[in-house]
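According to numbering that gives the first Met the number 0, the stretch in the sequence shown is residues 0 to 292, in order.
Where is the CB? At the ideal position from N, CA and C, for every residue including glycine.
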Amino acid sequence: MKAIENFIEIFMDESESEDKRFTSICSISGNPTTLLAKENELRKQLNRFQISELKFSELHRRNVPKELIYTFLDIAILSSINGEIRIDVLTFDKHDSRHNVRGRDDEENLKRMIYHLLRNVCYNWKAKSFAFYPDQHTNFSRFLEPSKYIELTKLNPLSKKIKDKSLFRDESWFPKVEKVEMKDSKAVAIIQLCDIFAGIHRFSLSRMEKLKYIKNCRLGQMPMFQPQEIKEESSSEKLRFDIIFYIKEQAEKHKLPISLESKGYLCTHDPKCNLNFWFYSPQSEKDKAPTRR
């Protein structure tokens, strides 16, 4: 594709909790040249360990080297810190007030969440146009429709409170979609990275109580009695908790506005941060999930 001013590429994948309560969508975006370099860097590591695909659901398996997992995380975190890429994860809870509606249309609701994420990505990059590459193992219209809605969305409009708009420069724009194409995650390592970050964010939300208990235990603040509802952590859970704590440690090391304590799950306090964990909360009483007609 020829060079286009303020053009970015957006890769995306999604992850759902075992009980279907939490759904996470992760996008990794940036300049095409930069993303190609990162893809090659990730692919080099996969080839090094003779792994074809790194999946969040399989991270705990014996044939998956821990060094590979943390190398993937390091590449992602450092690249976001350096401003080379953005990692945005949006997670929503189907048990909140927005989703507690009769006849909820989960497919249409997911499209709206994808739209919110795309809008956020385009706004933060000041992207005038983009190519969109979601994982091919999902419904194509699920991604095509939100990308078309973005073209009808005016980003960075002047505030309605401004009476005399002639005194201000209008820097708003409508993003243009250059391409929407499904990609095979086995062939695209960046989508594998999307799967890992989507999975780890919704896991931090679905295991909040246990996460708090494990964190306190590791800090030596072990309660006298283990709560009955909290079972011993499995091998897969232990690794996922380790990853959450590692991301938190790296955030503290590099002074990123990412917290674990304030909400009980991975949370980014400034959406401009290039590593953005976003738990969607209803914007108002009128913010309701769409329903089937």
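- By the 16-neighbour rule on beta-carbons within 10 angstroms, residue 82 is exposed.
- Under the 10 Å beta carbon count, residue 96 is surrounded by fewer than 16 other beta carbons and is classified as exposed.
- Ranked by Cα distance from residue 204, the first of 8, 87, 278 is 278.
- Closest by C-alpha distance to residue 236, out of 104, 214, 32, 139, is 214.
- When the Cα atoms are used, residue 52 and residue 269 turn out to be separated by approximately 32 Å.
- Counting along the chain, residue 133 sits inside the beta strand (DSSP E) bounded by residues 128-133.
- Apart from the 5 residues on each side of it in sequence, residue 200 sits with its Cβ closer than 6 Å to the Cβ of 23, 88, 90, 265, 276 in its chain, given in chain order.
- The C-alpha of residue 175 lies about 26 Å from the C-alpha of residue 78.
- Between residue 146 and residue 179, the C-beta spacing is below 9 Å.
- In this chain, residue 87 is not harboured by any alpha helix (DSSP H); it is covered by the beta strand (DSSP E) spanning 84-92.
- Residue 55 sits away from residue 250, with the two beta carbons spaced by 9 Å or more.
- Taking 9 Å as the cut-off, the Cβ atoms of residue 70 and residue 44 count as close.
- Under the DSSP assignment, residue 275 falls in the beta strand (DSSP E) whose first and last residues are 274-278.
- With a beta-carbon spacing of about 7 Å, residue 232 and residue 240 fall inside the 8 Å limit used to define contacts.
- A direct Cα-Cα distance of roughly 38 Å separates residue 173 from residue 18.
- A distance below 6 Å between beta-carbons, with the five flanking residues on each side excluded, links residue 273 to the following residues of its chain, in chain order: 79, 85.
- A direct Cα-Cα distance of roughly 5 Å separates residue 129 from residue 6.
- In the three-state DSSP reduction, residue 241 falls in the helix class (H, G or I).
- With a cutoff of 9 Å on beta-carbon distance, residue 113 and residue 139 are scored as not near each other.
- Beta-bridge partners assigned by DSSP to residue 22: 15, 91.
- Assignment of beta-bridge partners to residue 8 by DSSP yields 29, 130.
- No Cβ-Cβ contact shorter than 9 Å links residue 256 with residue 111.
- In the DSSP annotation of this structure, the continuous segment of the beta strand (DSSP E) that includes residue 176 starts and ends at 175-179.
- Residue pairing for residue 172: DSSP places it in a beta bridge opposite 154.
- In the DSSP assignment, residue 257 forms a beta bridge with 267.
- Per DSSP, the continuous alpha helix (DSSP H) segment holding residue 203 begins and ends at 188-205.
- Of the residues assessed, residue 92 falls on the buried side of the cut-off, its CB having 16 or more other CB atoms within 10 angstroms.
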